[in-house]
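Enquirer:
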């Protein structure tokens with residue numbers, strides 16, 4: 394893994410499915426020679442009900458999140474850049490709130506479109522097979538819905554790149570005509586809007602298991618072939634949920650090679666960072 398890389402997709406313990414302290418992530422990044430480590434934990438949302446998400450920080454945890462990251466930025470100044478971000482879905486009812494929140498507090502946000510509805514827990518009844526979570530798409534209409542929601546988010550201009558744009562392939566069995574159509578739409582929009590697409594290393598770490606279970610998984614070769622044909626730009630994201638993920642030079646090097654074979658331009662700076 395070459396030195397001087399930048400990763401903008403790092404989580405913290407507040408999302409309830411990551412481990413390690415923020416300082417441990419930074420130390421791992423410094424050890425590996427990273428030039429920048431951006432924190433983009435799963436965003437809190439200002440729920441209007443008593444719903445408590447099981448996969449993101451609470452709103453009352455954001456101030457501690459921001460303070461911790463900014464303190465590390467000061468502590469490690471001159472050694473590594475530490476921008477502050479969030480990974481956010483595309484919930485139209487909160488685009489206005491998100492725009493204001495980003496302007497006041499954040500250096501960047503990435504579009505990680507996991508759920509169809511903002512109050513994700515209340516909608517399990519609509520999708521008994523778990524289709525409300527876009528990483529568990531099993532039907533064409535769920536793939537199409539993912540595409541619609543993601544395109545709506547991309548069009549806002551709020552997001553600095555699209556995280557795991559091929560998440561819909563995680564538990565899908567074939568890269569069929571519907572998947573190709575959604576992929577073409579997403580890639581064309583990314584090209585037109587100048588939005589980088591993330592080649593996600595957490596997905597890459599799990600892909601052998603997905604294939605063994607008969608799923609395509611992600612990063613999905615068919616999607617990335619379309620991205621290359623369309624002329625999209627790629628960014629490599631570790632999607633780190635533990636400090637050790639930042640030490641996976643094998644995954645990073647494989648991603649560089651795969652994107653190089655496709656002839657894709659890979660960037661390591663996003664937005665104004």
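Residue numbers (the numbering used here): 394 to 666.
The beta-carbon is built from N, C-alpha and C at its ideal position, and this holds for glycine as well.
Remember, predicted model here, so these are calculated numbers, not experimental data.
In whole angstroms, what separates the C-alpha of residue 524 from that of residue 448?
Expert: Model confidence at residue 524 stands at a pLDDT of 37, short of 50, so the residue's coordinates are unreliable and nothing is read from them.
Enquirer: Given residue 580, which residues of its chain have a CB within under 6 Å of its CB, disregarding the five upstream and five downstream residues?
Expert: For residue 580, where only same-chain residues beyond five positions count, the Cβ hits under 6 Å are 619, 620, 623 and 625.
Enquirer: Leaving out the 5 sequence neighbours to the left and right, which residues in its chain are closer than 7 Å to residue 462 when beta-carbon positions are compared?
Expert: Contacts found: 415, 432, 475 and 477.
Enquirer: Residue 522: buried (16+ other C-beta within 10 angstroms of its C-beta) or exposed?
Expert: Its pLDDT being 37, under 50, residue 522 is placed unreliably in this model, and the coordinates cannot settle the point.
Enquirer: According to DSSP, is residue 530 helix, strand or coil?
Expert: Three-state result, residue 530: coil.
Enquirer: What's the gap between the Cα of residue 563 and the Cα of residue 529?
Expert: Looking at the two C-alpha atoms, the distance is approximately 7 Å.
Enquirer: Checking the sheet assignment: what are the DSSP bridge partners for residue 434?
Expert: Partner(s): 479.
Enquirer: Where does residue 546 land, buried or exposed, given buried means 16+ other C-beta within 10 angstroms?
Expert: So residue 546 counts as buried.
Enquirer: Could you pull the start and end residues of the alpha helix (DSSP H) that residue 595 belongs to?
Expert: 594-605 is the span of the alpha helix (DSSP H), which, as asked, contains residue 595.
Enquirer: Give the DSSP bridge partners of residue 591, in chain order.
Expert: Partner(s): 628.
Enquirer: Check each candidate in 464, 490, 582 and 628 and name the one with the smallest Cα separation from residue 649.
Expert: Of 464, 490, 582 and 628, the residue nearest in Cα terms is 628.
Enquirer: Does residue 612 pass the burial test, meaning 16 or more other C-beta atoms within 10 Å, or should it be called exposed?
Expert: Looking at its Cβ environment, which holds 16 or more other Cβ atoms inside 10 Å, residue 612 is buried.
Enquirer: Is it buried or exposed, residue 472, if we count other Cβ atoms within 10 angstroms and call 16 or more buried?
Expert: Exposed, because fewer than 16 other Cβ atoms sit within 10 Å of the Cβ of residue 472.
Enquirer: Go ahead and pull the three-state DSSP assignment for residue 504.
Expert: Three-state DSSP puts residue 504 in a strand.
Enquirer: Between the alpha carbons of residue 440 and residue 509, how many angstroms are there, rounded?
Expert: For residue 440 and residue 509, the distance between alpha carbons rounds to 15 Å.
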